[in-house]
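Enquirer:
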Amino acid sequence: MENNEVLKKVDKNAFKRIGKNVEKMEAISRPNLTYWKDAWRRIKKNKAAFAGLIIIIVYVILAVFGPLISGYEYTQIDSSRMNQFVSKEHWFGTDELGRDLWTRVWRGARVSLLIGFISTILNTIIGGLVGGISGYYGGALDLVLMRIIDVLYGIPYLIVSILVMVVLGPGVSSLIIAMVIVGWIGTARFVRGEVLRLKEQDFVAAAKVLGVSDLPIIVKHILPNVMGLIITNLTMAVPKAIFNEAFLSYIGLGISPPECSWGVLAKSGVKMLRIYPYQLFIPSFFICTTMLALNLLGDGMRDALDPKLRGTE
Amino acid sequence: MDKILEVNDLSFSFHTYGGIVKSVRGISFDVGEGEIVGIVGESGCGKSVTAQCLVRLNPEPPGFFESGSIKYKGQEITTMSEHELRKIRGVEIGFIFQDPMTSLNPTMKIGKQIEEIFIQRKLYNKKELKEKAIEILKLVGISDVERRYNQYPHELSGGMKQRIMIAIALVGNPSIVIADEPTTSLDVTIEAQILDLLKDLQKKLKTSVILITHDLGVIAKMCDRVLVMYGGKIVEKGNADDIFYNTKHPYTSGLLCSIASLETKKNEELEPIEGTPPDLFSPPIGCPFAARCEYAMEICYETIPQEYKINEEHSTLCWLEHEYAEKVTLPCKKQYEKEAI
Amino acid sequence: MGKYILKRLGISLLTLLVLITIVFILVRLMPGDPFASDKLTPEIRQNLERYYGFDKPIIVQYFTYIKNILNGDFGYSMKYINQSVNTIIADSFPYSFDLGMRGLSVSISLGLVLGIIAALNRGKTLDYMSVIIAIIGTSVPDFIIGGLLQYFFGIKWGLFPVAQYKGIEYTILPSIALGFYTLAMVSRIMRASMLEVVQQDYIKTAKSKGISNFRITAKHQIRNAIMPVVTVLGPTVASVLTGTFVVESIFAIPGMGKYYVQSVQNLDYSLILGMTVFYGAFLVLANMVVDILYGVIDPRIRVAGK
Chain A
1 MENNEVLKKV DKNAFKRIGK NVEKMEAISR PNLTYWKDAW RRIKKNKAAF AGLIIIIVYV
61 ILAVFGPLIS GYEYTQIDSS RMNQFVSKEH WFGTDELGRD LWTRVWRGAR VSLLIGFIST
121 ILNTIIGGLV GGISGYYGGA LDLVLMRIID VLYGIPYLIV SILVMVVLGP GVSSLIIAMV
181 IVGWIGTARF VRGEVLRLKE QDFVAAAKVL GVSDLPIIVK HILPNVMGLI ITNLTMAVPK
241 AIFNEAFLSY IGLGISPPEC SWGVLAKSGV KMLRIYPYQL FIPSFFICTT MLALNLLGDG
301 MRDALDPKLR GTE
Chain B
1001 MDKILEVNDL SFSFHTYGGI VKSVRGISFD VGEGEIVGIV GESGCGKSVT AQCLVRLNPE
1061 PPGFFESGSI KYKGQEITTM SEHELRKIRG VEIGFIFQDP MTSLNPTMKI GKQIEEIFIQ
1121 RKLYNKKELK EKAIEILKLV GISDVERRYN QYPHELSGGM KQRIMIAIAL VGNPSIVIAD
1181 EPTTSLDVTI EAQILDLLKD LQKKLKTSVI LITHDLGVIA KMCDRVLVMY GGKIVEKGNA
1241 DDIFYNTKHP YTSGLLCSIA SLETKKNEEL EPIEGTPPDL FSPPIGCPFA ARCEYAMEIC
1301 YETIPQEYKI NEEHSTLCWL EHEYAEKVTL PCKKQYEKEA I
Chain C
2001 MGKYILKRLG ISLLTLLVLI TIVFILVRLM PGDPFASDKL TPEIRQNLER YYGFDKPIIV
2061 QYFTYIKNIL NGDFGYSMKY INQSVNTIIA DSFPYSFDLG MRGLSVSISL GLVLGIIAAL
2121 NRGKTLDYMS VIIAIIGTSV PDFIIGGLLQ YFFGIKWGLF PVAQYKGIEY TILPSIALGF
2181 YTLAMVSRIM RASMLEVVQQ DYIKTAKSKG ISNFRITAKH QIRNAIMPVV TVLGPTVASV
2241 LTGTFVVESI FAIPGMGKYY VQSVQNLDYS LILGMTVFYG AFLVLANMVV DILYGVIDPR
2301 IRVAGK
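Protein chains in written order, with this note's numbering: chain A, 1 to 313; chain B, 1001 to 1341; chain C, 2001 to 2306.
As structure tokens, then:
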């Protein structure tokens, strides 16, 4: 016990009893992070997701201002300048009617992005409300709603969209209706599942026991917990909606000329592929990078908002 | 009694986003043949991490050994390759996990999960494998074994699943079984059954057991020797009698005062230990228990105490044993209660 | 298990009935006129309308239609004179089915392999490569992939034929175009699921038994990780199916998708109706098979459905 010899030299006063230290008793030495702070920290660290966010912002800005700065109208036909390759006058070249492709690409972006975001947001709102109410209140209402949803869920989404488009005729609002009419079902299903799961959790039971009424429970306990999932789901659904618009326009049902969207541009691009491949490549590049950016952002949000992954690298 | 497992100055930490969490900080203990050693402590005190270190089940990385050694029958565990570890796991050291609900593969039949231990080693043919599995199922007290053999985990109750976990841990005939809170997620009545089974099998098979729990009642019922862990350190160790009747660490004493027993009088108040254990993200520089300790002295906040031997088996990590310290008698179980426990 | 299948079957049939009804109503609501042609005198026109039963009340038309479907009779096309819908489907479906099966089988098997490889090599080059492939795959629409493949491999480098469907070399480009998205999606889901399963307690149990990593991966991890992939197989079949609409028209394959797109553009009522019901039945059936498959793979579902 050689060590003991050393310790004997310790000041005797140090052995005065001072007892508990209430402050240190509950001390938490880790940095305190709220859910949203932690999510934002992680999304900033995720370079791919951040790049995705920036690409989307740039495209939105170009969709608004792009058509204005080229000096051409998107419908302006010029038979002396058909199928011209990229040049100083026409930054993306011209199409088979001599229309300026730069103007048309950003005009198309406006339509495609608008449809993508609006239809997804509508889907989320409708699906979230139906799913949320059904899940929270349960009972007969839930039973009926879920049976309906079970049956509707099996119906092929795009086929119904196609038929609705045929009935309503081409146009932006028909496209949105066609996508929302069955699109909300998926959201409703998953929101209901989440709400049902959360409703059973002890913290909700605790709130109920304390006499908290339904509205504060929904706003304070349920909503914050499903919000992350809903936002992630929304981000992931936007590229799908853009894709569906492009698909419908591609088979000739979405947007009709002279109005244009990315799907319309891709369709005429494929037609001219053998001779003027740039007419497909240029709009394709923007479709693909938009989808890529949204997918990366969605992935990043999913990781950032997953409560299970909190505090990890 | 031969020592089959010796742990010396073991430290194990994890990398996390904010820095290093020191889960186990320089602990030493040993396990003899046929002995039941209990490790007791609050959640987050490092007992599960310690247990998993013994067969290297902690994920590495982010986990890593900072120092120390674990010797199993002379073989060093901390530096073993995956391949060498496989020869230890299951057949030399078995493991029973805390939650039988999630610890069995939901898509594999019970029988298969038991036999799997041998399949790797190609020791038996199909028929022998089944015989082995049936035999161990009977041994852990499962009736209707033929049917259970072909069932999936979700078709069994919690208690039955834990029996299966015990079967899996024992079927390889290991020298040591590590049971990490084996009864925490079970009903009290089932808990007693499982503990009886464990003790019974331990006697029959002469296996050593390391039993991890937060429940001193379980320790009293089962263990020969006890390690009390707090803040990643072993604050007191000794044989069960010393720990219960000659308590030398205020934390152990606090634990003893906070549990109820049949002898607790109607108006007698249980005394909880106030506060929470320290966050091992940046452990306090002094004694980890100082902030919650009513006997704490100035030095406790400044310097980690050294180990004081009370007798050959019994030692404690507390400044109160220092000659300068004011002598106190810590409350503990009184001798006359001994038979009652 | 029997009861579980029966329940799925019930829901599937109901779904199909709802689909038929929706399609019937939508088709009747469609604007335009399939007989709009200068060559038709009003008299012939009336005869045609009577022939197709348009002069009867809509509810009668509906029940006649249901009756005919139950008899397996989809009626006659309004644009392809003298061709029954059944013949058109019978002629074109084999092409689509062949293409779809090729696309599906290749993409699912490759997707699974890619996802597993990525998860096992988490954070390493192989992982990044497969993640990149997956992200590209989910970001590039099939009509663009189809167009690019056709341009580079067909026109520019002349490696594969650019159109038609007459032999194995004709099937390669369209199958890739059709399956790329599915491949990407399957590999993404499989990767995520593998990484989730590896953290489960039962993997630790398996480890504590001293089983080799290979066996843990093969017997414990993959088997459990594959469930989420099975759940998306239903929607996957649907997306491959709609993919054929585009891919067949790019590669000029005389499959059902091409006819479907044309019938929609021509307002060929009976062809739209017939093909939609056929597609619907096919998808509902595929979904049911997937549900049953799921029950086979996950023993827990079987009991829940009892």
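No residue lacks a Cβ here, since even glycine has one placed at the ideal position from N, Cα and C.
(1) Starting from the beta carbon of S2212/C, find every residue of chain A whose beta carbon is closer than 9 Å, and list them in chain order.
(2) Give the straight-line distance between the Cα atoms of A14/A and W1319/B, rounded to the nearest whole angstrom.
(3) Between the Cα of K1003/B and the Cα atoms of I1310/B, S1208/B and E1131/B, which residue gives the shortest distance?
(4) Starting from G2280/C, find everything on chain A with Cβ-Cβ shorter than 9 Å and list it in chain order.
(5) Go ahead and pull the three-state DSSP assignment for K2102/C.
(6) For the alpha helix (DSSP H) containing H1083/B, name the first residue and the last one.
(7) Would you verify that the beta carbon of M1101/B is, or is not, closer than 7 Å to some beta carbon of chain A?
(8) Beta-carbon of P270/A versus every beta-carbon of chain C: anything under 7 Å?
(9) Output, in chain order, the set of chain A residues within a Cβ distance shorter than 9 Å of I1304/B.
(10) According to DSSP, is E1302/B helix, strand or coil?
(11) Determine whether the Cβ of R302/A lies closer than 7 Å to any Cβ atom of chain C.
(12) Taking three-plus beta-carbon pairs below 8 Å as touching, is the region 259 to 268 of chain A in contact with the region 202 to 222 of chain A?
(13) Can the beta-carbon of L122/A be found closer than 7 Å to that of V180/A?
(14) Considering only C-alpha positions, which residue in the set L253/A, S161/A, E245/A and G128/A is nearest to F190/A?
(15) When you compare only the Cα positions, how much space is there between K1112/B and G2210/C?
(16) For E1066/B and L1057/B, what's the separation of their Cα atoms in angstroms?
(17) Assuming contact is defined by CB atoms lying nearer than 7 Å, are L1186/B and G1158/B in contact in what I supplied?
(18) What does N2068/C touch in chain A if you count any residue whose Cβ is under 9 Å from its own?
(19) Are the Cβ atoms of T1252/B and V1228/B separated by less than 7 Å?
(20) If distances are taken between C-alpha atoms only, which option among I1164/B, M1222/B, K1132/B and I1088/B comes closest to S1103/B?
(21) Considering only the alpha carbon of each residue, which of T120/A, Y157/A and I149/A lies closest to T232/A?
(22) If distances are taken between C-alpha atoms only, which option among P2174/C, Y2260/C and L2104/C comes closest to V2186/C?
(23) Could you give the C-beta distance for P1182/B and L1156/B, rounded to a whole number, given that I count them as a contact under 8 Å?
(24) Excluding the five sequence neighbours on either side, which residues of its own chain have a C-beta within less than 8 Å of the C-beta of P1062/B, listed in chain order?
(25) So that I know if they touch, is there some Cβ in chain A lying closer than 7 Å to that of M1165/B?
(26) Is the distance from the Cβ of D150/A to the Cβ of I2011/C below 7 Å?
(27) Could you pull out every residue in the same chain whose Cβ sits closer than 6 Å to the Cβ of N46/A, ignoring the five residues on either side in sequence?
(28) What do you get for Q1202/B, buried or exposed, if any count of 16 or more other CB atoms within 10 angstroms of its CB means buried?
(29) Let me know the alpha helix (DSSP H) ranges lying completely inside the region 1144 to 1201 of chain B, each 4 residues or longer, listed in chain order.
(30) Any contact between the region 2277 to 2291 of chain C and the region 2225 to 2239 of chain C? By contact I mean 3 or more CB pairs, one from each, below 8 Å.
(31) Using only alpha-carbon positions, find the residue among N2121/C, I2020/C and S2109/C that is nearest to F2074/C.
(32) Taking any Cβ of chain C, which residues in the region 1057 to 1091 of chain B have a Cβ under 9 Å from it, in chain order?
(33) Assuming L1317/B contacts P1250/B under a Cβ cut-off of 8 Å, what Cβ separation, rounded to an integer in Å, is found between them?
(34) Can you give me the C-alpha to C-alpha distance between A2090/C and I2189/C, rounded to a whole angstrom?
(35) In its own chain, which residues sit with a C-beta less than 8 Å from the C-beta of L1256/B, not counting the 5 before and 5 after it?
(36) For K2056/C, is the classification buried or exposed, using 16 other Cβ atoms within 10 angstroms of its Cβ as the cut-off for buried?
Expert: The relevant details are as follows:
(1) Within chain A, no residue comes near S2212/C; the closest Cβ sits about 28 Å away, beyond 9 Å.
(2) Cα to Cα, the separation comes out at about 10 Å.
(3) When each option's Cα is compared against that of K1003/B, the closest is S1208/B.
(4) Within chain A, G154, I155, P156 and I159 have C-beta atoms less than 9 Å from the C-beta of G2280/C, given in sequence order.
(5) Just to set this straight, residue 2102/C is Arg in the shown sequence, not Lys. In the structure shown, R2102/C sits in a helix (DSSP, three-state: H, G or I).
(6) From DSSP, the alpha helix (DSSP H) with H1083/B extends over E1082 to I1088.
(7) No, because no Cβ of chain A sits closer than 7 Å to the Cβ of M1101/B.
(8) Reading the sequence as shown, one finds Val at residue 270/A and not Pro. Yes, V270/A lies at the interface with chain C (some Cβ there is under 7 Å from its Cβ).
(9) Going along chain A, no residue has its Cβ under 9 Å from I1304/B, so there is no contact; the nearest lies around 12 Å.
(10) Reduced to three states, the DSSP call for E1302/B is helix.
(11) So, not an interface residue.
(12) Not touching, per the Cβ criterion.
(13) For L122/A and V180/A, yes; Cβs fall inside 7 Å.
(14) Nearest of L253/A, S161/A, E245/A and G128/A to F190/A, Cα basis: G128/A.
(15) Each residue's Cα considered, the two are about 15 Å apart.
(16) So the two alpha carbons sit approximately 16 Å from each other.
(17) Cβ distance < 7 Å, so L1186/B and G1158/B count as in contact.
(18) Those do not exist, as N2068/C stays about 19 Å from chain A at its closest Cβ, beyond 9 Å.
(19) In terms of Cβ geometry, T1252/B and V1228/B form a close pair [threshold 7 Å].
(20) For S1103/B, the nearest C-alpha among the options comes from I1164/B.
(21) If we check each option's Cα against that of T232/A, T120/A comes out closest.
(22) Of P2174/C, Y2260/C and L2104/C, the residue nearest in Cα terms is L2104/C.
(23) With a Cβ gap of about 16 Å, P1182/B and L1156/B do not count as contacting.
(24) Closer than 8 Å at the Cβ level, and outside the excluded window around P1062/B, lie F1014, H1015 and T1016.
(25) Chain A contact via Cβ: absent.
(26) I2011/C sits close to D150/A, with the two beta carbons spaced by under 7 Å.
(27) Scanning its chain for C-beta atoms nearer than 6 Å, with the 5 sequence neighbours on each side dropped, one finds around N46/A the residues G300, in chain order.
(28) Buried, since its Cβ has 16 or more Cβ neighbours within 10 Å.
(29) The region 1144 to 1201 of chain B contains, as complete alpha helix (DSSP H) runs of 4+ residues, the segments 1145 to 1149 and 1158 to 1171 (chain order).
(30) These segments touch.
(31) Selected option, being the one with the closest Cα: I2020/C.
(32) So the close ones are L1057, P1059, E1082, H1083, L1085, R1086, K1087, I1088, R1089, G1090 and V1091.
(33) Contact check for L1317/B and P1250/B: beta-carbon distance about 11 Å, past the 8 Å limit, so the pair fails to qualify.
(34) Counting only the Cα atoms, I2189/C lies some 35 Å from A2090/C.
(35) In the same chain as L1256/B, and ignoring 5 residues on each side of it, the C-beta atoms closer than 8 Å to its own belong to L1216, F1244, T1247, P1331, C1332 and K1333, in chain order.
(36) Counting the other Cβ atoms within 10 Å of the Cβ of K2056/C gives fewer than 16, which makes it exposed.
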